[in-house]
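K.L.:
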Amino acid sequence: MVKKGVLAIVSGFSGVGKGTVVDHMKKIHPFTLSVSATTRDPRPGEVEGKSYFFITEDDFKAKAEQGWFLEWAHYTKGSYGTPKQPVLDALSRGEDVLLEIEAQGARQVKEQYPDALLIFVLPPTFAELYHRLTGRGTETKEAIEARLQRAMEEFREIPGYDAVVVNETIEGCADEILSLMEARRTTPAAQKAFIDGLEEEAKRFMEALQTEKGE
Ligand code: 5GP
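For the sequence shown, the numbering used here assigns the number 6 to the initial residue and increments by one for each residue that follows.
#1: Closest to Glu254 by CA distance: which of Met6, Phe18, Ala13 is it?
#2: In three-state DSSP terms, what is Phe36?
#3: So the candidates are Lys82, Asp167, Lys31, Thr145; which of them puts its Cα closest to the Cα of Ala111?
#4: By the 10 Å Cβ neighbour count, where 16 or more other Cβ atoms means buried, how is Arg141 classified, buried or exposed?
#5: With distance defined between alpha-carbon atoms, name the residue in Tyr80, Val102, Ser84 nearest to Gln90.
#6: For Ile200, collect the residues of the same chain with a Cβ closer than 7 Å to its Cβ; drop the 5 residues on either side in sequence, then sort them by chain order.
#7: Should Thr37 be counted as a contact of the ligand 5GP given a C-beta to heavy atom distance under 7 Å?
#8: Report the CB separation of Arg190 from Lys66 in whole angstroms; it is logged as a contact under 8 Å.
#9: Any heavy atom of the ligand 5GP inside 7 Å of the beta-carbon of Arg189?
#10: Counting pairs of beta carbons, one from the region 167-184 and one from the region 48-55, are three or more of them closer than 8 Å?
#11: Assuming Glu105 and Val27 are in contact, meaning their beta carbons sit under 8 Å apart, how far apart are those beta carbons, in whole angstroms?
#12: My output table needs one value for Tyr166: the three-state DSSP class, helix, strand or coil.
#13: Quick check on the burial criterion: 16 or more other C-beta atoms within 10 angstroms. Buried or exposed for Pro128?
#14: Taking all protein chains shown into account, do 16 or more other C-beta atoms lie within 10 angstroms of the C-beta of Gly20, making it buried, or fewer, making it exposed?
#15: Assuming Gly72 is part of the beta strand (DSSP E), what are its boundary residues?
#16: Using only CA atoms, which one of Phe59, Ser184, Thr174 lies nearest to Glu133?
#17: Which whole-angstrom value describes the C-beta separation of Arg45 and Lys82, a residue pair presumed to lie in contact below a C-beta threshold of 8 Å?
#18: When burial is assigned at 16 or more other CB atoms within 10 Å of the CB, is Ile33 buried or exposed?
#19: Does the beta-carbon of Tyr166, which I'm using as the reference point, lie nearer than 7 Å to any heavy atom of the ligand 5GP?
#20: So if DSSP puts Ser84 in a beta bridge, which residue, or which two residues, is it bridged to?
#21: Thinking C-beta only, is Glu100 closer than 8 Å to Thr37?
#22: Who are the near neighbours of Met157 in its chain, counting only those whose CB is closer than 7 Å to its CB and skipping five residues on each side?
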């Protein structure tokens with residue numbers, strides 16, 4: 006079989022723990038994690054070029070016009086986009102690539118790459134999501150309500166995804182996502198090169214067999 010890179014997208018409600026799950030996945034399986042560009046301000050602890058590339062609105066606009074992004078979208082506090090070239094380079098090297106992006110962007114990627122695997126991470130309950138958001142202790146009641154309101158809107162995006170995973174535990178959720186990525190490698194589309202090669206070989210084999218019979 007062919008070892009081809011999987012392009013996976015992980016989305017989920019704010020506070021569901023996507024980032025922690027993705028960090029845990031990295032400990033188990035190597036993949037390229039795309040670093041997005043954003044116009045929002047850095048939060049304490051965020052590192053330029055690692056968390057995001059923090060750029061100006063003008064720069065973002067220019068890059069969007071130049072086709073520099075694989076996808077981009079506006080989200081509550083700014084614009085966010087996936088730099089295209091690093092994703093294409095990693096995929097051509099046969100590496101798995103993971104994008105942690107929201108639903109509008111996920112839809113744009115799926116249009117360009119129907120083989121992309123779209124995963125939506127859900128909380129076990131909505132009350133648990135509230136609990137996790139308040140547990141951070143970093144945000145006002147209003148900001149938390151805005152995130153929950155946004156989650157209410159995101160429910161309608163879920164049917165466009167290939168899979169949903171419930172984040173009961175970080176380890177379990179990470180394992181499930183990695184299994185889905187592994188399974189993606191076995192689709193006929195992912196294995197097209199192998200199947201085409203096998204068919205060519207089959208043709209040659211059958212021709213040789215016929216020739217042998219005719220002799
Ligand atoms: P945050 O501001 O909390 O870091 O991210 C807000 C939302 O933007 C999250 O849902 C995150 O997944 C999403 N996001 C981050 N980078 C990108 C990107 O490059 N493209 C899109 N479409 N969404 C992104």
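Even glycine gets a Cβ: it sits at the ideal position worked out from N, Cα and C. Nothing here was measured: the structure is a model prediction, and the numbers come from that model.
P.N.:
On the basis of the data shown:
#1: Nothing can be reported for residue 254: it is not among the residues displayed for the chain, which extend from 6 to 220.
#2: Numbered from its first residue, the sequence shown carries residue 36 at position 31. Phe36 falls in the coil class under three-state DSSP.
#3: Counting from 1 along the sequence shown, the entry for residue 111 is found at position 106. Of the listed residues, the one whose Cα sits closest to Ala111 is Asp167.
#4: As a working mapping, residue 141 is identified with position 136 in the sequence shown. Exposed, because fewer than 16 other Cβ atoms sit within 10 Å of the Cβ of Arg141.
#5: The residue you call residue 90 lines up with position 85 of the sequence shown. Taking only the C-alpha atoms, the option nearest Gln90 is Val102.
#6: As a working note, residue 200 is residue 195 in the sequence shown. Same-chain partners within the cutoff: Pro193.
#7: Along the sequence shown, read from residue 1 onward, the residue named residue 37 stands at position 32. Flag unset: Cβ of Thr37 not near the ligand 5GP.
#8: As a position in the sequence shown, residue 190 is number 185, starting the count at 1. As a position in the sequence shown, residue 66 is number 61, starting the count at 1. The Cβ separation is near 37 Å, so there is no contact.
#9: Translated into positions along the sequence shown, residue 189 becomes position 184. No; taking the cut-off as 7 Å, the Cβ of Arg189 has no heavy atom of the ligand 5GP nearer than that.
#10: no
#11: Here residue 105 refers to the residue found at position 100 when the sequence shown is read from its first residue. Here residue 27 refers to the residue found at position 22 when the sequence shown is read from its first residue. Yes, Glu105 and Val27 are in contact; Cβ-Cβ is about 6 Å, under 8 Å.
#12: One-based indexing of the sequence shown puts residue 166 at position 161. Coil at Tyr166, not helix or strand.
#13: Position 123 of the sequence shown, counting from 1, holds the residue named residue 128. By the 10 Å Cβ count, Pro128 comes out buried.
#14: Locating residue 20 in the sequence shown gives position 15, counting from the first residue. It is buried - the Cβ of Gly20 has at least 16 other Cβ atoms within 10 Å.
#15: Residue numbering aside, residue 72 sits at position 67 when the sequence shown is read from its first letter. Run containing Gly72: none; DSSP gives neither H nor E here.
#16: Residue mapping note: residue 133 aligns to position 128 of the sequence shown, counting from 1. That would be Thr174, whose Cα lies nearest to the Cα of Glu133.
#17: The sequence position of residue 45 within the sequence shown is 40, counting from 1. The sequence position of residue 82 within the sequence shown is 77, counting from 1. The pair is a contact, with the Cβ atoms about 5 Å apart (cut-off 8 Å).
#18: Residue 33 sits at position 28 when you count from the first residue of the sequence shown. With fewer than 16 Cβ atoms within 10 Å of its Cβ, Ile33 is classed as exposed.
#19: Counted from its first residue, the sequence shown places residue 166 at position 161. For the ligand 5GP, not one heavy atom lies less than 7 Å from the Cβ of Tyr166.
#20: In the sequence shown, the residue the question calls residue 84 occupies position 79. Answer is His79, bridged to Ser84.
#21: Residue 37 sits at position 32 when you count from the first residue of the sequence shown. Residue 100 sits at position 95 when you count from the first residue of the sequence shown. Closer than 8 Å, so yes.
#22: Locating residue 157 in the sequence shown gives position 152, where the first residue counts as 1. Same-chain partners within the cutoff: there are none.
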